[in-house]
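To get our numbering, take the position in the sequence shown, counting from 1, and add 241. We put the beta carbon where it would ideally sit given N, CA and C, even for glycine. None of the values given here were measured: they were computed from a predicted structure.
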Amino acid sequence: MSSGKMKYRTEYEYSPESLESNPAEDLSGFRVAPRDHVYTLGLSLTRKCNLNCRFCYYHETGDSETASCGECSPSTETDPPDTLARMLEVLPILACINVSLEGEPLCHSRFSECMEIITRHTDSIILTTNGQLLTPEILQHLKSLKICRIVLSCEAGDPESYEHFRKGASFRKFRTAAELLNESGIPWLVYGFLFRENMASFLKYPKLAGELGIGKTVIGRLRECPYSRKNSLHRIPDRELLPYLEELHKEFVRNGIALEYDPYISAPENTELLRAKGLQFTDVPANEGLFCNFPWYCTNILSDGKIFPCCGDFQPREVREYSFDGIFNSRYLLILRRLLSENRVPEVCLKCRNLI
Ligand code: SF4
Ligand code: SF4
């Protein structure tokens, strides 16, 4: 049953103004050129969600009850065929469109139509979902499109914890989603992130993954946000993270489940230690000596059409114009490219990489 509205988050830590010292500076030398099959666009279809997870990055407040699909306020969704098609038509053919961010994509009232539009403009599609609304029919349709991977989210190793952290979710439906995905033949994996409060439960996850036929799992680390803090969920302190990862890794090996670490999980010296113990990290594209090359080939557009440049805690901003330049050469990206190519790594990046 639904309850009162959840409030959508409005305050973020960083903005273009907080990153640049001279707003009048000409940054045109940091533009990239339109080319087919090179760029990746993260795309949010909707703010609507059927859940009210306690760590949701996009919520600011919410009561203790479950939201129903479309309860987020204000609820926006990309409006096909107009907005989405117009925006994609001005871009080159993308290497990948990653349908994630904000709400649950399957809550979009015209999800299938959106996916058909998307498939005409990209070489591949990644879809991230909480899995609660997946059906054989939806998967059958997705299989006919350019889906290269479905990412199912899970942060627990037992039904009670799963339903506690993902408020409004049913573990039975999660199990069904795993079964349907296995039957579909579409490549899929689970992405989960760790926080202090799910450490005990997640140790049980490898056994669960074995039972559910989950082939691969990638884990990251909770990005604390106002809503997770409100719900008393916290990052695992560094000194507890390394011994925990070793213990967790043994459970994955014992249960024969492939595990990868999001490279943003920890500082390089820690990841080196873990590599030495045989733990695998997800590959990131070669960065040519840069701290991060994300802003050179990737950006995100939210369901209200605003730009969210990359993974830092950035204030979404209006797109100047819906063109290649407006999206892939936004002021945000130009500033980040300049700072990173001059090896002046901003605080937002250090936090994004868990380095402070
Ligand atoms: S499923 Fe995702 S968008 Fe929905 S409440 Fe949970 S974390 Fe937020
Ligand atoms: S490290 Fe910086 S540039 Fe790279 S994804 Fe994070 S915030 Fe963006």
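Asked: Span separating the alpha-carbon of P536 from that of S341; Found: 18 angstroms
Asked: heavy atom of ligand 2 below 7 angstroms from G553 C-beta; Found: yes
Asked: Cut-off 7 angstroms between Cβ atoms - residues of its own chain near S425, not counting five sequence neighbours on either side; Found: L380 and K384
Asked: F296 versus L335 - alpha carbon distance; Found: 31 angstroms
Asked: Every unbroken alpha helix (DSSP H) inside the region 487-556 [4 residues or more]; Found: 509-517 and 535-538
Asked: Residues near F434 by beta carbon distance below 7 angstroms, same chain, minus five either side; Found: E396, I460, G461, R462 and L463
Asked: Between the CA atoms of P484 and K414 - distance to the nearest angstrom; Found: 33 angstroms
Asked: Beta strand (DSSP E) segments (min. 3 residues) lying fully within the region 333-410; Found: 337-340, 366-370 and 388-394
Asked: Residues that DSSP places opposite Y249 in a beta bridge; Found: H300
Asked: With 16 other Cβ atoms within 10 Å as the buried cut-off, status of P557; Found: buried
Asked: Pairwise C-alpha distance: F412 and P400; Found: 5 angstroms
Asked: K248 vs E330 beta-carbon contact at 8 angstroms; Found: no
Asked: Pair within 8 angstroms by beta-carbon distance, F555 and Y573; Found: yes
Asked: Proximity to T393 [Cα-Cα], best of M440, K457, E487 and A508; Found: Before going on, a small fix: residue 393 reads as Leu here, not Thr. Per the Cα distances, K457.
Asked: C-beta contact flag for C348 and I367 at 8 angstroms; Found: no
Asked: Residue range of the beta strand (DSSP E) that includes I568; Found: Segment F565 to F569 is the alpha helix (DSSP H) holding I568; no beta strand (DSSP E) there.
Asked: Contact under 8 angstroms by Cβ, I506 with G451; Found: no
Asked: Separation of L268 from S571, as counted between CA atoms; Found: 10 angstroms
Asked: The region 573-588 touching the region 263-280, judged by at least three CB pairs closer than 8 angstroms; Found: yes
Asked: Burial state of G454, where buried means 16 or more other Cβ atoms lie within 10 Å; Found: exposed
Asked: Helix, strand or coil at I460 [DSSP, three-state]; Found: strand
Asked: Counterpart residues of Y432 in DSSP-defined beta bridges; Found: S394 and V459
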